[in-house]
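Read the structure below first, then the notes.
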RNA sequence: GCCGCCUUCGUCUAGUGGUUAGGACAUAGCGUUCUCAACGCUAGAAGAUGGGUUCGAUUCCCAUAGGCGGUGCCA
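In my numbering, the protein residues as written are 193 to 674.
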């Protein structure tokens, strides 16, 4: 049995798209489920739009996600180079071979001519096909035009036959001969085109399974014709359903972020993104929804992948993220939250880490994305200016004062330093003072938080520590006097 | 226009020739409660349409519609 080899082949012409991540993930899961290899190939044949910094972003992105390549640029492997711009000799060799064997030909048609043909087909309600005009030119004529310096593209001779293949996800897919024409495989500037390079490289890199987005479904017959012309065995194809905008169009930045690194910067965890993405178009047929990457690998079966596109639903991503944020060890949560807090000016190098840890412990259940941490915690670091009237929103000035004072006496003496015991102790106070829970807890909580909405009094005390608690209680008491 | 693919709650989806069509997110209500969350419970919410086949179809077949993708000397 041949070893399974899959690849993800992005072009570095823009920021890394979340769709690339999804395609990469499914290729990774499939390869690893079969103990095979997962590789990265950079498709930088478009010299104008390809940028090294985008390639770097792709590497960085996959690394962050924990999807490790077995082969790729900067990684090596036996099938390199893994950058198409470094494989041009191979493409030229194959072009010559096709030309020499009469399987392809030079086309001297101008853009204007081709445009005219296309318009005519459209008028007649026919699919736009190249006329094949240059296919019938004699060898001498081609040579003459070439010697005159006429620019030309290279077209593949496409046999007039229907193409059928079996897609792992879609089943049998047939394309009729009449929509296929002699397509261009090499530009007039001598650079090769996608369909051509993809076939050459997938074969050269011994790719066994081509797993890619459904937008490539209509490229597949062309590639199959190329495989046949070159006399190569076909890989297995699988076309993944598309990631969609809320309006069901192909996912784009029109409706929000599509760049992977933006998700990271907004405070999404890689595990959450992976878990969420894996469940878009596939599920393990159980009610279980949280899977680690290794668990996904063992549960994954590509035949179970759905055919219909899936809307990228942010609310559900948030739900997954919240789950994984809660599961984070405290140290890790501190580490990951720190940059956000630092940016917001809430912490500095000198800030006590354990204090930050106490604060995060209190708010961690309400964190959906890490970027929310500053707004969720700012009042711990700095008492906000608040209206003294807020202190007496529940109860009177007298009950508020009473409550604050009793709490202040606790801080001046000993009190339990674990949340459960402290909570139990505080719960005794309203009855002891002969007031309601609200009359006791509301003013004390407001005194500590400086705002109407916050964690409980006990939690605030735990996070703030004794000194700060005392300070805030005194501030509140003085406010009540005025 | 032409070609292809697709179609179960708002969203992600499960499942089945006879089911109260299941779960999750979201939404709403209730509970808990010192507020906000969190949490718990409850509720509403779905097989595009039309034809067949069948005792019976969401499930099988056909057609239509709609959506999306492709239609490049982009990838």
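We treat Cβ as the ideally placed atom computed from N, Cα and C, and that holds for glycine.
For residue 430: DSSP bridge partner residues: Within the first chain, the letter at position 238 stands for residue 430. Looking at the DSSP assignment, residue 430 forms a beta bridge with 403.
Residues sharing a beta bridge with residue 358, DSSP: Taking the first residue of the first chain as position 1, residue 358 is located at position 166. Bridge partners of residue 358: 364.
Burial state of residue 247, where buried means 16 or more other Cβ atoms lie within 10 Å: Here residue 247 refers to the residue found at position 55 when the first chain is read from its first residue. Residue 247 is buried by the Cβ-count criterion.
Residue 313 to residue 322 span [Cα, whole Å]: The residue labelled residue 313 in the question sits at position 121 within the first chain. The residue labelled residue 322 in the question sits at position 130 within the first chain. Approximately 10 Å, taken between the alpha carbons.
Sequence ranges, alpha helix (DSSP H) only - wholly within the stretch 597–666, length at least 4: 611–625, 629–641
Collapsed DSSP secondary structure at residue 420 in the structure displayed: Counting from 1 along the first chain, the entry for residue 420 is found at position 228. Residue 420 falls in the helix class under three-state DSSP.
6 Å CB neighbourhood of residue 337 in its chain, flanking five on each side removed: As a position in the first chain, residue 337 is number 145, starting the count at 1. Same-chain partners within the cutoff: 300.
Three-state class that DSSP yields for residue 230 in the structure shown: Residue numbering aside, residue 230 sits at position 38 when the first chain is read from its first letter. In this structure, residue 230 counts as strand in the three-state DSSP scheme.
Supposed contact pair residue 618 and residue 649 - C-beta distance, whole angstroms, cut 8 Å: To locate residue 649, count along the first chain from 1; it is residue 457. To locate residue 618, count along the first chain from 1; it is residue 426. Confirmed, about 6 Å.
CA nearest to the CA of residue 382, picked from 390, 576, 347, 273: As a working mapping, residue 382 is identified with position 190 in the first chain. Checking every option, the nearest Cα to that of residue 382 belongs to 347.
Nearest-angstrom Cβ-Cβ length linking residue 361 and residue 499, presumed shorter than 8 Å: Counting from one through the first chain, the residue named residue 361 turns up at place 169. Counting from one through the first chain, the residue named residue 499 turns up at place 307. With a Cβ gap of about 6 Å, residue 361 and residue 499 count as contacting.
Residues of its chain near residue 592, where Cβ-Cβ distance is below 7 Å and the 5 sequence neighbours each way are ignored: Within the first chain, numbered from 1, the residue matching residue 592 stands at position 400. Taken in chain order, the residues that qualify are 583, 584, 635, 672.
Pairwise C-alpha distance: residue 459 and residue 257: Here the question's residue 257 lines up with position 65 in the first chain. Here the question's residue 459 lines up with position 267 in the first chain. Straight-line Cα distance between these residues: approximately 13 Å.
Same chain, Cβ closer than 6 Å to residue 224, neighbours up to 5 away in sequence not counted: Counted from its first residue, the first chain places residue 224 at position 32. Closer than 6 Å at the Cβ level, and outside the excluded window around residue 224, lie 489.
Boundaries (first-last residue) of the alpha helix (DSSP H) holding residue 514: Counted from its first residue, the first chain places residue 514 at position 322. Note, residue 514: alpha helix (DSSP H), 506–519.
Beta bridge counterpart(s) of residue 198 as assigned by DSSP: If you number the first chain from 1, residue 198 lands on position 6. The partner list for residue 198 (beta bridge, DSSP) reads 230.
Residue 544 versus residue 283 - alpha carbon distance: As a working mapping, residue 544 is identified with position 352 in the first chain. As a working mapping, residue 283 is identified with position 91 in the first chain. So the two alpha carbons sit approximately 60 Å from each other.
Of the residues 231, 210, 437, the one placed nearest residue 220, counting alpha carbons only: The residue given as residue 220 occupies position 28 in the first chain. Among 231, 210, 437, the Cα nearest to that of residue 220 is on 231.
Buried versus exposed, by CB contacts within 10 Å (16 or more), residue 517: The count along the first chain starts at 1 and reaches residue 517 at position 325. With 16 or more Cβ atoms within 10 Å of its Cβ, residue 517 is classed as buried.
Environment of residue 190 [buried if 16+ CB atoms lie within 10 Å]: Given a span of 193 to 674 for the chain in the structure shown, any question on residue 190 remains unanswerable.
Any 3 or more C-beta pairs closer than 8 Å across the stretch 375–395 and the stretch 443–450: no
Collapsed DSSP secondary structure at residue 268 in the structure displayed: For the purposes of this step, residue 268 is taken as residue 76 along the first chain, with counting starting at 1. Three-state DSSP puts residue 268 in a strand.
Cβ neighbour criterion (16 or more within 10 Å) applied to residue 577: One-based indexing of the first chain puts residue 577 at position 385. So residue 577 counts as exposed.
Sequence-distant residues of the same chain with beta carbon closer than 8 Å to residue 342, five excluded per side: Along the first chain, one-based indexing puts residue 342 at 150. Correct list, in chain order: 300.
From 194, 218, 213, 205, residue whose alpha carbon lies closest to that of residue 495: In the first chain, residue 495 corresponds to position 303, counting from 1. Of 194, 218, 213, 205, the residue nearest in Cα terms is 218.
Those residues which DSSP pairs with residue 585 across a bridge: Stepping through the first chain from its first residue, residue 585 is reached at position 393. DSSP lists no partner for residue 585.
Residues of its chain near residue 351, where Cβ-Cβ distance is below 6 Å and the 5 sequence neighbours each way are ignored: As a working mapping, residue 351 is identified with position 159 in the first chain. Excluding residues within five positions, none has a Cβ falling inside 6 Å.
Of the residues 530, 546, 405, the one placed nearest residue 540, counting alpha carbons only: Translated into the one-based positions of the first chain, residue 540 becomes position 348. Comparing Cα-Cα distances from residue 540 to each of 530, 546, 405, the minimum goes to 530.
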